[in-house]
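In my numbering, the protein residues as written are 1 to 142.
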């Protein structure tokens, strides 16, 4: 019985450590996304094509190529930050774009899933693992 409690206690502390790492990652990602948005211009872009990446088992991942005209009138093109098994947008579809004035080439698609999904998942994992860790650690107390 003591061995089982010891293993459960170690697992609880390991989950709490994972929660801390996940929280730090989530905060770091959120800080980067927030900093990017703080100094950003919002424009509309158009899907002009796809970058196709072959995967194993005959699958292909599609990443949108998006063109936009910056506020200074220059045309830019970039590849989206998320890939999917099927095209996310239709060719020629309008998509919201966000870019820093000093670096239009580093533009991003301005949708929640493209900018905030990573921080949200990391912070959600932190909460879930922290709760599980606390339950396990408390269950080992006499």
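Even for Gly, the Cβ is constructed at its ideal location relative to N, Cα and C.
Note that this is a predicted model, so its numbers are computed, not measured.
Checklist line | Three-state class that DSSP yields for residue 22 in the structure shown | finding: Here residue 22 is taken as the residue at index 22 of the chain shown, counted from 1. When secondary structure is reduced to three states using DSSP, residue 22 falls in the helix class.
Next item on the list: Quick one: using the 10 Å Cβ neighbour count with 16 as the cut-off for buried, is residue 3 buried or exposed?
Entry: If you number the chain shown from 1, residue 3 lands on position 3. Residue environment for residue 3: exposed (fewer than 16 other C-beta atoms within 10 angstroms of its C-beta).
Check: So, helix, strand or coil for residue 13, using DSSP?
Finding: On the chain shown, position 13 is the one that residue 13 refers to. Looking at residue 13 - three-state DSSP - the assignment turns out to be helix.
Item checked: residue 104 (DSSP reduced to helix, strand or coil) -> Along the chain shown, one-based indexing puts residue 104 at 104. Correct three-state label for residue 104: strand.
Margin query: Output needed for residue 122: all residues of its chain with C-beta closer than 7 Å, excluding positions within five of it in sequence on either side, in chain order.
Written below: Here residue 122 corresponds to residue number 122 of the chain shown, with the count starting at 1. 22, 25, 26 and 29, listed in sequence order.
Item checked: Short CB-CB distance (under 9 Å) between residue 116 and chain B -> Among the chains in the structure shown there is no chain B, since it carries only a single protein chain.
Margin query: For residue 129, report the span of its beta strand (DSSP E) as first-last.
Written below: Position 129 of the chain shown, counted from the first residue, corresponds to residue 129. Per DSSP, residue 129 belongs to no beta strand (DSSP E); it is in the alpha helix (DSSP H), 117-139.
Checklist line | Reference residue 80, options 35, 70, 71 and 99, closest by Cα | finding: Counting from 1 along the chain shown, the entry for residue 80 is found at position 80. When only C-alpha atoms are compared, the closest one is 99.
Item checked: Under the three-state DSSP convention, the category residue 74 falls into -> Your numbering for residue 74 matches position 74 in the chain shown. In this structure, residue 74 counts as coil in the three-state DSSP scheme.
Margin query: What does the Cβ neighbour count give for residue 19, buried or exposed, with the cut at 16 atoms within 10 Å?
Written below: Residue mapping note: residue 19 aligns to position 19 of the chain shown, counting from 1. Buried, because 16 or more other Cβ atoms sit within 10 Å of the Cβ of residue 19.
Next item on the list: Leaving out five residues on either side along the sequence, give the residues of the same chain with a beta carbon under 6 Å from the beta carbon of residue 71.
Entry: By 1-based counting over the chain shown, the position of residue 71 is 71. The answer, listed in chain order, is 41.
Checklist line | Residue span of the beta strand (DSSP E) that contains residue 67, given as start and end | finding: Taking the chain shown and counting its residues from 1, one reaches residue 67 at position 67. Residue 67 -> beta strand (DSSP E) spans 60-69.
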